[in-house]
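Note sheet for the following structure.
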């Protein structure tokens, strides 16, 4: 559920997208383009990535949005998202990106998403061939203003996991996630198809209904 503001709304202009993830940035830019927002990424502004110390998607999304808004003096929008696998007790969950970490590299930590997908598959394989493969993607958007006011919006899409990975578009765990009602992975969908149904799109629909409604 969103925590309602007193109808405080964004106006066309600059908005910081608090991410260094190019794939996530592109999705968010495409979703916001019709509303006259000039999206600047935390990466291109040279903002440091704050330490995500929260234990929920909501907490981590707020950490990132507040940090970007305070650093730039502009409204900031962040996304904290991840994959939860029922048979793994909801893991990797808020540690979705951590499962892809390879350790420090020049320019920041390196991430190997194929390795991360393999970790999930390996844990499922150890549970046996009959282990359920139900999974869900979660997204929490946090919109923060420099004065500290903030609001969150949540989206979720259910599905299942497949192996080996399939498809060439998307990012993260997209190549192994099949959304409910389809036979293709997120990485086999056209980006416009994914953006119409994804967890992030569902969170965005709530944001747009509040922020850009007439």
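Numbering (this note's numbering), first residue to last: 41 to 254. Each residue gets a CB set at the ideal place from its N, CA and C atoms; glycine is no exception.
Here DSSP, grouped into helix, strand and coil, assigns residue 58 to coil. If you look at residue 156, you'll find it in the alpha helix (DSSP H) that goes 153-166. Between residue 116 and the set 65, 198, 174, the nearest pair of CA atoms involves 65. Excluding residues up to 5 positions away in sequence, 184 lie with their Cβ nearer than 6 Å to the Cβ of residue 106 in the same chain. Boundaries of the alpha helix (DSSP H) around residue 98: 97-112. The segment 239-250 and the segment 167-182 touch, with three or more beta-carbon pairs separated by less than 8 Å. Residue 77 has 53 as its beta-bridge partners, per DSSP. Of 60, 135, 199, the smallest CA-CA separation from residue 82 is found for 60. In the structure shown, residue 115 adopts coil according to DSSP, grouped into three states.
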